[in-house]
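Chemist: Please read through the structure below; I'll follow up with questions.
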Amino acid sequence: TKLLTVPGNHDYFVLGTPRVATRWDQFGNGFMQWYAQDSAAASTLMPGDTGAPFDFSKDPDAGRSPDRPFGGQKVALANTFWYNQVGNVGFIGFSGAYTYHDTLPLVRDACASLAAQPGVRLLVLLGHWDVDNLGCKLQMDVPTYYDYVSTLPGCAHFARSGMLKFFMGHTHCNVPHPHGHVDTGFMVAGQGMEGCGTWGLPVLDTTAELVRVWYFPIVLDPSEPSALIDGRYERVLECARAAGWRACTHLA
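Heads up, the sequence shown stops at 471 in my numbering, and the numbers go up one at a time, no gaps.
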């Protein structure tokens, strides 16, 4: 099982925004080590190398002093960008906290490499921000970044055939087809923090020569009686435990 994850605004700033960044913030340093990915920072390491798979070149305390308590530096971009293959799916993970110009060499390489990889039928772009606020650079929200990436060599081929998709978070809702991206994007951010109050379990399925996103709803409306919500949860859980989730798609 692979853990695939990308940093969001609260992984850089405790209060969720760089406007009030202080020495108590991790600026992505804790995230990149606790949820360590095979990121671009480790791309030069070979089997047997003993070097750290991280780029610690950015001092989070740089530019701060007793009379200037706010501010700090985010981790180096290379720690937050990665791509890999799981089965017939290629994944590209990125952070919107950096500019498009800075990420361009990395995403060009990812598109070209995954397009040349045998067996990849679907490309999935993973990012956090659905809008460019709270630490997201201009036009680095996932829907806009998707539009840019869909024109790059390698990724453009998948986009033309409808096989370039994205998943994102940030606004705390579970919504298909967000921001006008019909059949290409999915917001799966209703997983804990206060927001729309909707919650469920999304599953990406690429078997049987198809691409399907199954969604098992648990909370349709936060005002629902708790017994109704608990009942949906128990039915999904009991079915999945007994026969595996594929036998439970009637609940999706």
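All C-beta atoms, glycine included, are put in the ideal place defined by N, C-alpha and C.
Remember, predicted model here, so these are calculated numbers, not experimental data.
1. According to DSSP, simplified to helix, strand and coil, what is Tyr-231?
2. Within 10 angstroms of its Cβ, does Met-251 collect 16 or more other Cβ (buried), or is it exposed?
3. Count the other C-beta atoms from every protein chain shown that fall within 10 angstroms of the C-beta of Pro-444, then say buried if there are 16 or more, exposed otherwise.
4. Start and end of the beta strand (DSSP E) containing Asp-424?
5. What's the C-alpha gap between Leu-264 and Pro-372?
6. Distance check for Pro-279 and Leu-323, CA to CA, integer angstroms please.
7. Return the CA-CA distance between Gln-358 and Met-387, expressed in angstroms with no decimal places.
8. Among Ala-446, Asn-303 and Gly-338, which residue has its Cα nearest to the Cα of Ser-262?
9. So what does DSSP say about Phe-273, is it helix, strand or coil?
10. Note down, in chain order, each residue of its chain lying with its Cβ closer than 8 Å to the Cβ of Lys-288, except the 5 sequence neighbours on either side.
11. Could you check what DSSP says for Tyr-365 in three-state terms: helix, strand or coil?
12. Does the pairing of the segment 324 to 332 with the segment 444 to 457 give three or more beta-carbon distances under 8 Å?
13. Closest to Ser-314 by CA distance: which of Asn-298, Val-305 and Asn-307 is it?
14. If you run the structure through DSSP and keep just helix, strand and coil, what is Tyr-319?
Modeler: With the structure as the only source:
1. In the structure shown, Tyr-231 sits in a helix (DSSP, three-state: H, G or I).
2. Under this definition Met-251 is a buried residue.
3. exposed
4. Counted as a single uninterrupted DSSP element, the beta strand (DSSP E) harbouring Asp-424 occupies residues 418 to 424.
5. 26 Å
6. Per the coordinates, the alpha-carbon of Leu-323 lies some 24 Å from the alpha-carbon of Pro-279.
7. Between Gln-358 and Met-387, the C-alpha separation is close to 15 Å.
8. Asn-303
9. coil
10. According to the sequence as given, residue 288 is Pro; it is not Lys. These residues qualify, in order along the chain: Thr-241 and Arg-242.
11. Correct three-state label for Tyr-365: helix.
12. Contact between the segment 324 to 332 and the segment 444 to 457 is absent, because fewer than three Cβ pairs lie under 8 Å.
13. Asn-298
14. helix
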